[in-house]
Ligand code: F6R
């Protein structure tokens, strides 16, 4: 079943490229326009949507947090991310113009299910992004956009995460198409960028695995890790931190890199490993400059810098102790590649420590109690 891999997690990380590719498959008509045929909300209702609330837990919520940056940019409507278990206890503002997007790999997470039931009771439409055909969450939703990552067996979510981002991006581009907030050419350009990503993820798997393994050997005894990122790199940092605590039982904390000087930098001491998600140098270079200055600040305090950065980034070469390289890609697409070395890193750390990477202690694959 593991197809030659020594764990399901290893196999599933190596299915990241296929998960993105299969999620994109069959979703465009001959003209290249996006078709979401599993979506049973009529176009008129879609046009009227003026707000999105994503409800999800854990990794699925980080996929939603990534998608917020893209959807707000493309569709120009506010996107809120809410942990499903917080959602219905705070009397959220919902109406027929709010689209609630429930993201769930298993489709059985009770917290997420209760949140979507609450949203529907309040008159909002619910669209599920789900990896499991016919699960409770898609069955109870008004519309479904399946991720086609294939069954995920390892408890820690990996390929489902990249598939969730892909599906949420498709939803964003579909909304931009329906609402006319982007030109067709612009939509096609984003779709082309998405279609390039499986190849880029494969490049990371093919060329960065050895560096990740060496880094894990070197850091195996570290007591804690900080993960920092800005913009879409922020939820990637949170996801990298979650993976490592989940399966390697290492204390980790993910922060927005800009928060560093507002508190977290107090934690940084000589030898503390700090993982930075460094945005591409081109385009949003302001972001790049700011992340690099964060690296300089912690480096000056003796931290060990691990960076995920674009191939050839000279600033990163200067400061980082360890680098996991990504091939050049647009900023909004970078989470699809940047998470991959972090998944591999967590897996390697857990293996070195002798833990069962597929079945971490205290965790279940689907959390069916509230
Ligand atoms: C992390 C992980 C969990 C799940 C969360 C939601 O690796 O597996 O954080 O992402 O429990 O599960 P689903 O997506 O099944 O609703």
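Residue numbers (our numbering): -14 to 355.
Ideal placement from N, C-alpha and C gives every residue a C-beta, glycine not left out.
Keep in mind it's a predicted model, so treat the numbers as computed, not measured.
Spatially closest choice to residue i from the options, by CA coordinates
{"i": "residue 72", "options": "60, 81, 89, 98", "result": "98"}
{"i": "residue 68", "options": "33, 83, 77", "result": "77"}
{"i": "residue 317", "options": "52, 39, 135, 80", "result": "52"}
{"i": "residue 48", "options": "132, 162, 180", "result": "132"}
{"i": "residue 349", "options": "114, 216, 87, 94", "result": "94"}
{"i": "residue 86", "options": "108, 195, 45, 39", "result": "39"}
{"i": "residue 302", "options": "146, 322, 171, 261", "result": "261"}
{"i": "residue 81", "options": "102, 35, 143", "result": "35"}
{"i": "residue 59", "options": "14, 113, 173", "result": "173"}
{"i": "residue 259", "options": "-14, 239, 354", "result": "239"}
{"i": "residue 213", "options": "18, 120, 293", "result": "293"}
{"i": "residue 288", "options": "254, -10, -5, 311", "result": "254"}
{"i": "residue 8", "options": "312, 23, 355", "result": "23"}
{"i": "residue 42", "options": "108, 96, 188", "result": "96"}
{"i": "residue 328", "options": "247, 219, 312, 147", "result": "147"}
{"i": "residue 331", "options": "-5, -9, -10, -11", "result": "-5"}
{"i": "residue 247", "options": "279, -1, 120, 159", "result": "279"}
{"i": "residue 188", "options": "-11, 209, 314", "result": "314"}
{"i": "residue 70", "options": "100, 50, 116, 64", "result": "100"}
{"i": "residue 32", "options": "-9, 116, 54, 166", "result": "166"}
{"i": "residue 54", "options": "219, 120, 210", "result": "219"}
Euclidean distance between Cα positions of residue i and residue j
{"i": "residue 127", "j": "residue 274", "result": "43 Å"}
{"i": "residue 339", "j": "residue 250", "result": "31 Å"}
{"i": "residue 204", "j": "residue 242", "result": "21 Å"}
{"i": "residue 334", "j": "residue 207", "result": "10 Å"}
{"i": "residue 192", "j": "residue 277", "result": "24 Å"}
{"i": "residue 102", "j": "residue 75", "result": "15 Å"}
{"i": "residue 257", "j": "residue 171", "result": "43 Å"}
{"i": "residue 45", "j": "residue 4", "result": "15 Å"}
{"i": "residue 217", "j": "residue 105", "result": "29 Å"}
{"i": "residue 264", "j": "residue 226", "result": "18 Å"}
{"i": "residue 62", "j": "residue 163", "result": "13 Å"}
{"i": "residue 134", "j": "residue 190", "result": "17 Å"}
{"i": "residue 351", "j": "residue 92", "result": "8 Å"}
{"i": "residue 408", "j": "residue 124", "result": "Residue coverage of the chain in this structure runs from -14 to 355, which leaves residue 408 outside it and unanswerable."}
{"i": "residue 16", "j": "residue 10", "result": "15 Å"}
{"i": "residue 159", "j": "residue 19", "result": "6 Å"}
{"i": "residue 161", "j": "residue 112", "result": "16 Å"}
{"i": "residue 354", "j": "residue 347", "result": "14 Å"}
{"i": "residue 272", "j": "residue 215", "result": "7 Å"}
{"i": "residue 202", "j": "residue 195", "result": "11 Å"}
{"i": "residue 118", "j": "residue 286", "result": "50 Å"}
Those residues which DSSP pairs with residue i across a bridge
{"i": "residue 281", "result": "Answer by DSSP bridge pairing: none, since residue 281 is not bridged."}
{"i": "residue 258", "result": "289"}
{"i": "residue 37", "result": "64, 84"}
{"i": "residue 131", "result": "115"}
{"i": "residue 110", "result": "84"}
{"i": "residue 311", "result": "295"}
{"i": "residue 19", "result": "13"}
{"i": "residue 143", "result": "Answer is none; residue 143 lacks a bridge partner."}
{"i": "residue 241", "result": "214"}
{"i": "residue 236", "result": "209"}
{"i": "residue 89", "result": "115"}
Whole-angstrom C-beta distance between residue j and residue i, which should lie under 8 Å
{"i": "residue 368", "j": "residue 89", "result": "Here the chain covers residues -14 to 355 and nothing more, so residue 368 does not appear."}
{"i": "residue 296", "j": "residue 266", "result": "Not confirmed; about 10 Å, so no contact."}
{"i": "residue 228", "j": "residue 141", "result": "6 Å"}
{"i": "residue 200", "j": "residue 307", "result": "5 Å"}
{"i": "residue 245", "j": "residue 281", "result": "Residue 245 to residue 281, Cβ: 11 Å. No contact."}
{"i": "residue 2", "j": "residue 186", "result": "4 Å"}
{"i": "residue 224", "j": "residue 324", "result": "6 Å"}
{"i": "residue 136", "j": "residue 6", "result": "Residue 136 to residue 6, Cβ: 16 Å. No contact."}
{"i": "residue 110", "j": "residue 30", "result": "6 Å"}
{"i": "residue 114", "j": "residue 320", "result": "Not confirmed; about 15 Å, so no contact."}
{"i": "residue 21", "j": "residue 130", "result": "6 Å"}
{"i": "residue 84", "j": "residue 37", "result": "5 Å"}
{"i": "residue 359", "j": "residue 144", "result": "The chain is shown from -14 up to 355; residue 359 falls before or after that span and cannot be answered."}
{"i": "residue -7", "j": "residue 343", "result": "5 Å"}
{"i": "residue 221", "j": "residue 309", "result": "Contact flag wrong, Cβ pair sits at about 12 Å."}
Check: residue i C-beta below 7 Å from any heavy atom of the ligand ADP
{"i": "residue 282", "result": "In the structure shown, the ligand ADP is absent; the only ligands present are the ligand F6R."}
How about the region 227 to 242 and the region 331 to 338: do they share at least three Cβ pairs that are nearer than 8 Å? By the criterion of at least three beta-carbon pairs nearer than 8 Å, the region 227 to 242 is in contact with the region 331 to 338.
Check whether the region 142 to 158 touches the region 167 to 185, counting contact only when three or more Cβ pairs, one atom from each stretch, lie closer than 8 Å. Touching, yes, given that three or more Cβ pairs across the two stretches are closer than 8 Å.
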